[in-house]
Amino acid sequence: MLRRINGTALIIAALVATIGALAFPVWSYADRSGTGQANLNASTVATQWGPLSATDRDFLVKVRLAGLWELPAGQQAIERAPSEAIKEAGDHLIVGHADLDKRARKVAAQLNVPLPNQPNEQQQGWLRELSAASGPEYERKFANLLRNAHGKVFALVAQVRHTTRNALIRQLASDANQTVLDHITMLEATGLVDFDALANEAAGNATASPSGPPAPDNSITVPSPPAAVPTGNPPVTSRPSAQPEGEIGSPAVNTNRPEPAP
1 MLRRINGTAL IIAALVATIG ALAFPVWSYA DRSGTGQANL NASTVATQWG PLSATDRDFL
61 VKVRLAGLWE LPAGQQAIER APSEAIKEAG DHLIVGHADL DKRARKVAAQ LNVPLPNQPN
121 EQQQGWLREL SAASGPEYER KFANLLRNAH GKVFALVAQV RHTTRNALIR QLASDANQTV
181 LDHITMLEAT GLVDFDALAN EAAGNATASP SGPPAPDNSI TVPSPPAAVP TGNPPVTSRP
241 SAQPEGEIGS PAVNTNRPEP AP
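For the sequence shown, the UniProt record's numbering gives the first residue as 1, with consecutive numbering after it.
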């Protein structure tokens, strides 16, 4: 009898130990080294405007870097571009980034975040590409280099605006959102942005499988709108000529049909 009780007690103790071992990692996972929460806590500093994360600081640096190369690119567009659309886009770059850069430097000073004073190597390479181009080639490079750069920083602005706990960073992200979207719109208005290249680059960098409804049946075509009905009833002088082969539209109508019997 005693052996049976001791055996039952051992089994219960083993079960409790097993459950505890399984539960402990779940309870402590958020605080373990290498997790997202642990990394966030380790990289965040306290300020009077709220916690300042590594992503917040990276955002400040990227706003500053954007102004350091896009301001001279905008000035160059005004001086060199043959088309008014490119000149107008360049003007928006200058006005927008001059104001945004001023705000970013003020916020960085308040939060004690060091900022760069010159574009990075990639941005300097873009400026060299623009300087070496001319005419239509220059305009295509200007529109696509800047549209691509703005699209990437736009994603970071959205992330920061969504997740930051710092009031200064949140306001700067709101300002940056409006500025970057304005610049994207102006660059696209040039009619030179290669959207296929943007989509292919994004697809090449994607890791998750796309989701959503299945692709539509390509065999279904959208019908052409009906031909305009002419006003009045002009007399028919001859049968309309046959429709040229391959032309899209409604088939010719035989207007010389016999009159119905009385």
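Note that the Cβ used here is the ideal one computed from N, Cα and C, for glycine as well. The structure presented is a predicted model; accordingly, all values stated were derived computationally and were not measured.
According to DSSP, is VAL160 helix, strand or coil?
Residue 160 sits at position 160 when you count from the first residue of the sequence shown. Reduced to three states, the DSSP call for VAL160 is helix.
Please state whether DSSP places VAL180 in a helix, a strand or coil.
Position 180 of the sequence shown, counted from the start, is the residue given in the question as residue 180. Reduced to three states, the DSSP call for VAL180 is helix.
Note the first and the last residue of the continuous alpha helix (DSSP H) segment covering GLN124.
The sequence position of residue 124 within the sequence shown is 124, counting from 1. Taken as a continuous stretch (DSSP letters only), the alpha helix (DSSP H) holding GLN124 covers 121-132.
Extent of the continuous alpha helix (DSSP H) to which VAL45 belongs:
Counting from 1 along the sequence shown, the entry for residue 45 is found at position 45. Careful: VAL45 lies outside any alpha helix (DSSP H) and carries neither H nor E.
LEU40 (DSSP reduced to helix, strand or coil)
Within the sequence shown, the letter at position 40 stands for residue 40. In the structure shown, LEU40 sits in a helix (DSSP, three-state: H, G or I).
Simplified DSSP state of LEU111, which is helix, strand or coil
Along the sequence shown, one-based indexing puts residue 111 at 111. In this structure, LEU111 counts as helix in the three-state DSSP scheme.
Would you mind working out which of ALA42, ASN41, THR47, ASN39 sits nearest ILE169, comparing C-alpha positions?
If you number the sequence shown from 1, residue 169 lands on position 169. Nearest C-alpha to ILE169: THR47.
Whole-angstrom distance between LEU172 and PRO51, CA atom to CA atom:
Taking the first residue of the sequence shown as 1, we reach residue 51 at position 51. Taking the first residue of the sequence shown as 1, we reach residue 172 at position 172. Taking the straight line from one Cα to the other gives about 15 Å.
Using a Cβ-Cβ cut-off of 7 Å (strictly less than) and excluding sequence neighbours within five positions of GLU88, which residues of its own chain qualify?
Numbered from 1 along the sequence shown, position 88 holds the residue referred to as residue 88. Excluding sequence neighbours, GLU88 sits near MET186.
Just grab the DSSP bridge partners of LEU172 for me.
On the sequence shown, position 172 is the one that residue 172 refers to. For LEU172, which the question treats as bridged, DSSP gives no partner whatsoever.
Rounded straight-line distance, which links the Cα of ALA38 to that of VAL61
As a first step, residue 61 is located in the sequence shown; it is residue number 61 there, counting from the start. As a first step, residue 38 is located in the sequence shown; it is residue number 38 there, counting from the start. If I take the Cα positions, the gap works out to 23 Å.
Among GLY151, GLY67, GLY36, which one has its Cα closest to the Cα of ASP101?
Counting from 1 along the sequence shown, the entry for residue 101 is found at position 101. Cα-wise, what sits closest to ASP101 is GLY67.
By the three-class DSSP mapping on this structure, what secondary structure does LEU60 have?
On the sequence shown, position 60 is the one that residue 60 refers to. If DSSP states are grouped into helix, strand and coil, LEU60 belongs with the helices.
Buried versus exposed call for SER131 [16 or more other C-beta atoms within 10 Å across all chains shown]:
The residue labelled residue 131 in the question sits at position 131 within the sequence shown. Answer is exposed; the Cβ neighbour count stays below 16.
Secondary structure at LEU192, three-state DSSP: helix, strand or coil?
Here residue 192 corresponds to residue number 192 of the sequence shown, with the count starting at 1. Looking at LEU192 - three-state DSSP - the assignment turns out to be coil, as it is neither helix nor strand.
Can you give me the C-alpha to C-alpha distance between LEU156 and ALA133, rounded to a whole angstrom?
Here the question's residue 156 lines up with position 156 in the sequence shown. Here the question's residue 133 lines up with position 133 in the sequence shown. If you take the alpha carbons of LEU156 and ALA133, they lie about 30 Å apart.
Excluding five sequence neighbours on each side, which residues of the same chain lie with their C-beta closer than 8 Å to the C-beta of GLU139?
Along the sequence shown, one-based indexing puts residue 139 at 139. So the list reads ALA81, PRO82, SER83, ILE86, THR190, LEU192, once near-sequence residues are dropped.
Hey, would you say ALA98 sits closer than 9 Å to LEU115, going by beta carbons?
As a first step, residue 98 is located in the sequence shown; it is residue number 98 there, counting from the start. As a first step, residue 115 is located in the sequence shown; it is residue number 115 there, counting from the start. In this structure, LEU115 does not lie closer than 9 Å to ALA98 by Cβ.
Using beta-carbon positions only, say whether TRP69 and GLN123 come within less than 9 Å of one another.
For the purposes of this step, residue 69 is taken as residue 69 along the sequence shown, with counting starting at 1. For the purposes of this step, residue 123 is taken as residue 123 along the sequence shown, with counting starting at 1. Yes, the Cβ-Cβ distance between TRP69 and GLN123 is below 9 Å.
Just confirm the distance between the C-beta atoms of ILE184 and PHE142, as a whole number of angstroms; I'd bet it's less than 8 Å.
For the purposes of this step, residue 184 is taken as residue 184 along the sequence shown, with counting starting at 1. For the purposes of this step, residue 142 is taken as residue 142 along the sequence shown, with counting starting at 1. Going by Cβ atoms, the distance from ILE184 to PHE142 rounds to 14 Å, so no, they are not a contact pair.
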